[in-house]
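In what follows, a single structure is set out as structure tokens and then discussed.
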Amino acid sequence: MLQQILEDIHQLRKNVLGMVTLMLYTTLALVMVPIILWPFFYNRNLEELTNRLLEINYVIRFDTTTSKCADFLLLKVHIACALATLLMDLCVNCYSLVIAPELPPMHHIVVANGFPVLVFIIAIHQGYTQLWPVFIVRQLKELVRQVTAYRLETLLTIIALSNTVEELTELFASIFGPMQVVNLLRIFVICCVQTYYLFVVEAGIGIFAIVIELIVYIGSFFIYMYLFDNRIKKVSKMSEKYVTSCLFIVLDE
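The opening position of the sequence shown corresponds to residue 1 in UniProt numbering, with each subsequent residue numbered one higher.
Dropping the structure here:
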């Protein structure tokens, strides 16, 4: 089987479409490496970040209605689109096998069905990395709200959390920054490849799958950029506002 795979790679290198396909698979493989290694490199930082979030969540009572914000809805849409794309790709592959005059080699079947599964796993990881900043912003908003509400029973406790908030933002930037770059690179490459496929494939069920996937990936790209840019700005803004409110209240006292 290894020899057949090497022969297929050699054949793909002989034309532009094959090179584009190799680029797509190579990018996916390169993205999977940091995703696998990411928890091992940032294991302690993730544990520390979780402890900081639990500390704030334990001290402060949060309004449960904040979980219905637009950012959580966008994350749900992202996961739903990833699942729908996976099911669509698997259905298209099964249909291609049914109408094929003869069964393709086993490694072709594995690659054709394994690629959508890997893309789905990466999409879930992408949503996971975006869930953290959304949750952090939710907590910072509640802290700012309670500080500005001037509740004496919780004021001293909130002020004591200033160091925790500062450590929280620093950990967030150091942990999730590199993975954002990797995910953006993956989405950019996939959009370029799918656009090229769209011009090459002229008819058949494949063109509809490519159009749907391209729309999903472009939508995912804009959702990702919105969440990343908006959450980073809000984390910084809320942290500054929280510290400023604490200092103002302390000086006022």
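Where a beta carbon is used, it is the ideal one built from N, C-alpha and C, also for glycine.
These numbers come from a predicted model, not from an experiment.
Original post:
What's the C-alpha gap between VAL119 and GLN130?
Top reply: Put simply, the backbone Cα of VAL119 is about 17 Å away from that of GLN130.
Original post:
With distances taken from CA atoms, which of VAL92, LEU103 and PRO101 is nearest PHE115?
Top reply: VAL92
Original post:
When burial is assigned at 16 or more other CB atoms within 10 Å of the CB, is ARG52 buried or exposed?
Top reply: buried
Subject >> Cβ-Cβ separation, ILE35 to ILE122 (assumed contact under 8 Å), whole Å >> reply: Indeed, because the Cβ distance is near 6 Å, the residues count as touching under 8 Å.
Original post:
With a CB to CB cut of under 6 Å and the five nearest residues on each side skipped, what residues in its chain are close to ALA82?
Top reply: Residues PHE120 and ALA123 of the same chain have their beta carbon placed closer than 6 Å to that of ALA82, with the five preceding and five following residues left out of the count.
Original post:
Can you tell me whether DSSP reads LEU103 as helix, strand or coil?
Top reply: In the structure shown, LEU103 sits in coil (DSSP, three-state: anything other than H, G, I, E or B).
Original post:
Applying the criterion that 16 or more other CB atoms from any shown protein chain within 10 Å of the CB defines a buried residue, is ARG186 buried or exposed?
Top reply: buried
Original post:
TYR217 by DSSP, collapsed to three states: which one?
Top reply: helix
**OP:** Give me the Cα-Cα distance between ASN183 and ILE79, rounded to the nearest whole angstrom.
**Re:** 15 Å
Original post:
What residue does the alpha helix (DSSP H) around TYR42 start on, and which one ends it?
Top reply: That residue, TYR42, is in no alpha helix (DSSP H); it is neither H nor E in DSSP.
Original post:
Leaving out five residues before and five after PHE221 in sequence, what residues of the same chain have Cβ atoms less than 7 Å from its Cβ?
Top reply: ILE187 and CYS191
Original post:
Exposed or buried, what is ILE99 when buried is set at 16 or more other beta-carbons lying within 10 Å of its beta-carbon?
Top reply: exposed
Subject >> Which listed residue (HIS107, PRO101 and VAL117) has its alpha carbon closest to that of LEU90 >> reply: Answer by Cα proximity: VAL117.
**OP:** For ASN51, name the three-state secondary structure that DSSP assigns.
**Re:** helix
Original post:
Are ILE218 and TYR197 closer than 8 Å when you measure CB to CB?
Top reply: no
**OP:** To the nearest angstrom, report how far apart PRO39 and GLU47 are at their CA atoms.
**Re:** 10 Å
**OP:** Thinking ILE175 and TYR42 are a contact (beta carbons under 8 Å), I'd like their distance in whole angstroms, please.
**Re:** 5 Å
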